[in-house]
Structure formats: C-alpha cells, structure tokens
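Sequential numbering of the sequence shown, starting at 585, is according to the working numbering. Let me begin by presenting the structure, written as structure tokens, before commenting on it.
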Amino acid sequence: MSKLLLEVDDDALAKAAELLGTETKRDTVNTALREVAQRRERAIALAELREMGARGDFDILLDKRNYRR
C-alpha cells in the first residue's frame, strides 16, 4: 500500500464519506478509488458488448433452436 500526503477538499471528502458509508478518511479515499476503477471497467465492458451486438455476434441467439436442446 502506498503512503501519500495530499490535500483534499473537505466538503467533497465529507460528501463522499456520506454517500459511501465510510467512517475514516482512508476508507473513503480507498473506497472511492476502487469504485471509480470498477465503474470504468464496467463501462468498457458495456461498450464492448454494444460493439459485439452491432456486429451481429449475438444474432445466432435469435433462433431458439441454436441454443436449446
């Protein structure tokens, strides 16, 4: 784990702690960083699924005989 000394906006930190349900500054910052990374990963995955749909990669599923016995 890295150790940092930084200045943060106290109002933003308090609001983030309230929204995230965290009790300490450390937990608030770490939780916020994790959530940002996870949100970005989900956005990328969703964009990839949209591209696959636009290419027709899922068209085989339109006919139930292709995936049901």
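Ideal Cβ placement from N, Cα and C applies to all residues, glycine included.
Can you tell me where the alpha helix (DSSP H) holding I628 begins and where it ends?
Counted from its first residue, the sequence shown places residue 628 at position 44. For I628, the enclosing alpha helix (DSSP H) starts and ends at 609-639.
Along the alpha helix (DSSP H) that carries K599, what are the first and last residues, could you check?
Along the sequence shown, one-based indexing puts residue 599 at 15. Segment 594-604, the alpha helix (DSSP H) holding K599.
Which same chain residues, not among the five before or five after Y651, have their C-beta less than 8 Å away from its C-beta?
Start at 1 with the first residue of the sequence shown, and residue 651 comes out as number 67. If we look at Y651 and ignore the five residues flanking it on each side, its Cβ neighbours are I644, L645.
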